[in-house]
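Take a look at the structure set out below.
Protein chains: 2
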Amino acid sequence: MEMNFSKKMQNMKPSAIREIFKSLGMPGAISFAAGNPAPESFPVEALSKLAADIFAGDSTNALQYSVTEGYPPLRELVAARLKERFAIDTDNNMTLITSGGQQAIELCCKVMCNEGDVVICENPSFIGALNAFRSLGAKPVGVELEADGISIEGLEAALKANPNARFLYLIPTFHNPAGITMSLEKRRAVYALAQQYDVLILEDNPYGDLRFAGEELPTLKSMDTDGRVLYCSTFSKILSAGMRVGYACGNEELLQKMVIAKQVEDVHTNIFFQMLCAKYMQEYDLEQHIATIRELYRHKCSLMLEMLDKYMPKEVTYTRPEGGLFLWCTLPDSLPLGELINDLKEQGVFVVPGTTFNCDETVPSSSFRLNYSTPSEEQIERGIKTLCETIRKKL
Amino acid sequence: MEMNFSKKMQNMKPSAIREIFKSLGMPGAISFAAGNPAPESFPVEALSKLAADIFAGDSTNALQYSVTEGYPPLRELVAARLKERFAIDTDNNMTLITSGGQQAIELCCKVMCNEGDVVICENPSFIGALNAFRSLGAKPVGVELEADGISIEGLEAALKANPNARFLYLIPTFHNPAGITMSLEKRRAVYALAQQYDVLILEDNPYGDLRFAGEELPTLKSMDTDGRVLYCSTFSKILSAGMRVGYACGNEELLQKMVIAKQVEDVHTNIFFQMLCAKYMQEYDLEQHIATIRELYRHKCSLMLEMLDKYMPKEVTYTRPEGGLFLWCTLPDSLPLGELINDLKEQGVFVVPGTTFNCDETVPSSSFRLNYSTPSEEQIERGIKTLCETIRKKL
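Listed in order, the protein sequences are those of chains A and B. If you're matching positions, the first sequence starts at 355 in the numbering used here and goes up one per residue. If you're matching positions, the second sequence starts at 355 in the numbering used here and goes up one per residue.
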């Protein structure tokens, strides 16, 4: 039969990043395209032991249907950690376990937006969020990202121009893809504008634990006095990405609505791995484990920056991240991005073009994203050399 | 801040079944309300051994991000089983792993329906599906369910009256909540009508493996000659419900669109448990395991029917299921359902009122659903006695 899809899904295509993955099979390929945590960051031995304990001691609960809100001990442990580590007032906010941070983003949009409504985002922004909004018929509207975070003038103009904006989607800390962190001053200004225009803020903070340089900054949620910030994050970057365990914390009325929406998406998140996360937090030192991941990424990021400083032509600029997984390179206007991406691909080096992350995908970009968490040291050295030489030849 | 939710979510409430669960804490409570598989049906020892093998041999793949379509070996194993066991032409259909059967239902609606579009359902129908449709702004329209399945005249009338019906949602085998199985003749008639009115069929078959009486009937999908049937099912009732692993099989164009929609909901289903399902199918005898579950439910269902035959006043009718998890009781009009439910609740016996499963929830019901997979034999004996005595007193 001829398929006639919903308007919201009709024009949606698989993400460009997925398409890149299909080329990764070639021998010797080096991918700076993924957003995967380093495999050496998974605490395999501990998880294996705890899994055996769960099978031995609590298998019925671990394999049976469970409640949509999440495994109660895990909700409590996450809330306690959000309070201690990120100064979030979890006494007056509810915590929900989601199937990755991705699900929290999608549920927020489902609960808040009618088809045609607007979500204001940093431009560029996380492709998974942009596509979640599009898949529900909402429209991402981008605001320019500056070195210290979203443009405040741009944000106010967007709020004025879009009275049907239902929330701001922001990644204030170690932005994906741009690697930028929003300044304290801008955090305060963003919150004040959200109050003034009475919109919700969705603060996406999957990388907040991965600071390896500079000073900690308060989360937007820690500044929230009127239940206006929905905070979401994940265990993907600190324990395991493949288990799909994330969480959201916010206004109880909003979270209860998200529970109803989650129930009809997947009933609940894999309960065995929710129990595994709780046991890990109870029996092991999560903060110590995170400290080792920070060291690992500090080292990989330094190596990538060292190689870029040494080999990259000065016409190309790049960010110097203080944490997270990504850095962002910008080419001079004279150098066409698409051609570079193709040349690199032929040499087995993969990066993600900036257009992928644009709120309006028809607008060209002269930037691309580099990931340093997944490749090995040897791959970073070899791949960045190839990248720089390829650019040099084109200048 | 004051919350102003999307139109589609505004009036959605937590399911009545969830609310019942909150009362289950009382000592001695007997629940016929759940749809949980029997905990003794989980192959704990085998899963525990296989989980240890995965941690020992393939931990990086089991804990890292994976592809949205699902773990390739599991997709192949599921497809091979669908072909062999249910005569589904998996060579010309794509198989996708989902986070429970629930996600396949929700994705189908997201991909097919604009807000305001109609989904034609049996009435009553599965509350999880009805709420999934509502959460996307689609409207479930019910067609009367007869002893041998959906009313064919009713279905044709609904198709005529609703030109914006985008698909039929059907549970042809061991219907939830009604315990009914659609006859072969009606299966053929339904498929012919779907062709005539050019609509898709979503065939939900979570209980198809659980036949313990009567003759096997072909799935609608096995009759599908033009890619019109999307088939979905789950491992929830045969391995573990808490792991949230289900699957969909259908037209590749449709499934590819569902992949895009799934990617922005949860990226992929918990990969560790996908690997666990695949390993179970490779190293153990799934069909033998299912045979033991069938025996267990045959026994529990027989016991419940025996108790009903012995104690239930003849004014009350009930279905005699040939498989699945539920039977469906109907009261005489003189006996008000709400009052009975409350009286039972006070005695610690919980059943789900039929109104919960109505496409139009404002229409009253004189039926209720009984589950026999979760309660123990002792609970079935004691609970059904209480149920029958309570009804007898009210007649």
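For each residue, glycine too, the CB sits at the ideal point set by N, CA and C. In this text, all values refer to a predicted model and were calculated from it rather than measured experimentally.
Would you mind stating whether residue i and residue j have Cβ atoms separated by less than 9 Å?
| i | j | result |
| --- | --- | --- |
| residue 526 of chain B | residue 491 of chain B | no |
| residue 459 of chain A | residue 369 of chain A | no |
| residue 554 of chain B | residue 608 of chain B | yes |
| residue 543 of chain A | residue 592 of chain A | no |
| residue 419 of chain B | residue 596 of chain A | yes |
| residue 603 of chain B | residue 728 of chain B | no |
| residue 712 of chain A | residue 477 of chain A | yes |
| residue 661 of chain A | residue 683 of chain A | no |
| residue 734 of chain B | residue 654 of chain B | yes |
| residue 442 of chain B | residue 575 of chain B | yes |
| residue 400 of chain A | residue 638 of chain A | yes |
| residue 535 of chain A | residue 571 of chain A | yes |
| residue 629 of chain B | residue 408 of chain B | yes |
| residue 569 of chain B | residue 657 of chain B | no |
| residue 627 of chain A | residue 582 of chain A | no |
| residue 698 of chain A | residue 671 of chain A | no |
| residue 429 of chain B | residue 451 of chain B | yes |
| residue 624 of chain A | residue 453 of chain A | yes |
| residue 745 of chain B | residue 681 of chain B | no |
| residue 545 of chain A | residue 519 of chain A | no |
| residue 724 of chain B | residue 708 of chain B | no |
| residue 513 of chain A | residue 556 of chain A | no |
| residue 605 of chain A | residue 587 of chain A | no |
| residue 515 of chain B | residue 652 of chain B | no |
| residue 580 of chain A | residue 448 of chain B | no |
| residue 469 of chain B | residue 540 of chain B | no |
| residue 457 of chain B | residue 619 of chain B | yes |
| residue 622 of chain A | residue 422 of chain A | yes |
Between residue i and residue j, how many whole angstroms is the CB-CB distance? I'm expecting something under 8 Å.
| i | j | result |
| --- | --- | --- |
| residue 501 of chain A | residue 706 of chain A | Not confirmed; about 21 Å, so no contact. |
| residue 475 of chain B | residue 496 of chain B | 6 Å |
| residue 615 of chain B | residue 425 of chain B | The Cβ separation is near 19 Å, so there is no contact. |
| residue 352 of chain A | residue 565 of chain A | With chain A covering 355 to 749 only, the question about residue 352 of chain A has no answer from this structure. |
| residue 634 of chain B | residue 404 of chain B | 6 Å |
| residue 363 of chain A | residue 611 of chain B | 6 Å |
| residue 484 of chain B | residue 494 of chain B | 5 Å |
| residue 488 of chain A | residue 577 of chain A | That belief does not hold up - the Cβ atoms of residue 488 of chain A and residue 577 of chain A are roughly 29 Å apart, past 8 Å. |
| residue 473 of chain A | residue 521 of chain A | 6 Å |
| residue 528 of chain B | residue 675 of chain B | 6 Å |
| residue 465 of chain B | residue 359 of chain A | 6 Å |
| residue 382 of chain B | residue 679 of chain B | About 23 Å separates the two Cβ atoms, so there is no contact after all. |
Determine which residues share a DSSP beta bridge with residue i and list them.
| i | result |
| --- | --- |
| residue 366 of chain A | For residue 366 of chain A, which the question treats as bridged, DSSP gives no partner whatsoever. |
| residue 495 of chain B | B:474 |
| residue 500 of chain A | A:503 |
| residue 583 of chain A | A:555 |
| residue 724 of chain B | B:681 |
| residue 656 of chain A | Answer by DSSP bridge pairing: none, since residue 656 of chain A is not bridged. |
| residue 385 of chain A | A:704 |
| residue 666 of chain B | According to DSSP, residue 666 of chain B bridges with nothing at all. |
| residue 448 of chain A | A:604 |
Closer than 9 Å, Cβ to any Cβ of chain B: which residues of the region 640-664 of chain A, in chain order? none
Taking Cβ-Cβ distances below 9 Å as the criterion, which residues of the region 417-429 of chain B are in contact with chain A? 417, 418, 419, 420, 421, 422
Kindly provide the ranges of any alpha helix (DSSP H) runs that are 4 or more residues long and lie completely inside the region 680-720 of chain A, ordered along the chain. 691-700
My parser needs the beta strand (DSSP E) runs of 3 or more residues fully inside the region 507-557 of chain B; what are they? 519-524
Which residues of the region 456-467 of chain A have a Cβ closer than 7 Å to any Cβ of chain B? Give them in chain order. Considering only beta carbons, the part of the region 456-467 of chain A lying closer than 7 Å to chain B consists of 456, 457, 460, 464, 465, 466, 467, in chain order.
Got a sec: which bits of the region 585-603 of chain B sit with their beta carbon under 7 Å from any beta carbon on chain A, in order along the chain? 594, 595, 596, 597, 598
Could you please tell me which residues of the region 726-746 of chain B, in chain order, have their CB closer than 7 Å to any CB of chain A? none
Extract the residue ranges of the alpha helix (DSSP H) inside the region 397-442 of chain B, only unbroken runs of 4 or more that lie entirely within it. 398-411, 413-417, 426-440
Kindly provide the ranges of any beta strand (DSSP E) runs that are 3 or more residues long and lie completely inside the region 562-635 of chain B, ordered along the chain. 583-588, 600-604
For the region 612-636 of chain B, which residues have a CB atom closer than 8 Å to at least one CB atom of chain A, in sequence order? 613, 614, 615, 617, 618, 619, 620, 621, 622, 623, 624, 625, 626, 627
Residues of the region 426-451 of chain A with a CB closer than 8 Å to any CB of chain B: list them in chain order, please. none
Cβ-based contacts, 8 Å cut-off: residues of the region 392-413 of chain B near chain A: Cβ contacts with chain A come from 393, 396, 398, 401, 402, 405, 406, 409, 410, 413.
Residues of the region 552-579 of chain B whose Cβ lies closer than 8 Å to any Cβ of chain A, in chain order: Residues 552, 554.
When you check each C-beta in the region 482-501 of chain B against every C-beta of chain A, which residues fall closer than 7 Å? 482, 485, 486, 489
Quick one, which residues of the region 500-517 of chain A are near chain B if we go by CB-CB under 7 Å, in chain order? Within the region 500-517 of chain A, no residue has a Cβ that lies closer than 7 Å to any Cβ of chain B.
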